[in-house]
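Written out below as structure tokens is the structure these notes cover.
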Amino acid sequence: MIEIGFDDDLLDRPVASAPRQSPDRDWRLLDEGLEHSASGYFIPRDEIASRRGDGLWTWPMQLAEKAWCAPAGFRQVFLAALERYGITPDDGLARSFALGFGIQDAGQRHNDRFVALGELVRPRMPERKRAVPGEGRRTGRERPRQGGDTRVPALDLTRSAG
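With the UniProt record's numbering, the residue at position 107 of the sequence shown is 107, and numbering never jumps.
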């Protein structure tokens, strides 16, 4: 089947905006918003400046909870997006990044006692407990028996019967 079209048909089709040079390779800075390349996570342009009730910016706080989000790269591309979209950052933005990711201005020392929001929301698992040296370890196949330890000691095959 042959399809016949006109030159102005191309004008009727929506054209996806090409990403401009992004300051971070993990994020694409589009006319419509920000997109994380690997996950497809998308922040719409008209929602990028949204704030929570406490004055903190929504997206830095939201992305701080994502394990796949690199803080420095996201901060760079977020600031570039604000500039491109004509949005003026305020003091709440710096507080949002500091509380969410623990990012500080260049030249400042990182506070070792700082805990990122993501750590509070999704705490790390404690170290695995090790067995006390005198305590026997069970294998995955061995099931505990009821009524105390009824295991029979293994045969000592190092001694000869003769």
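No residue lacks a Cβ here, since even glycine has one placed at the ideal position from N, Cα and C. On a predicted model such as this, the values are computed, not experimentally measured, just so you know.
Can residue i and residue j be called in contact, C-beta distance under 7 Å?
i	j	result
Gly100	Pro60	yes
Gln62	Asp24	no
Ser37	Asp26	yes
Ala81	Leu29	yes
Ser96	Leu34	no
Within the continuous beta strand (DSSP E) that includes residue i, where are the two ends?
i	result
Arg28	27 to 29
What are the start and end residues of the alpha helix (DSSP H) that includes residue i?
i	result
Pro71	71 to 85
Ser96	91 to 100
Strictly by DSSP, which residues pair up with residue i?
i	result
Pro44	Gly33
Trp57	Arg51
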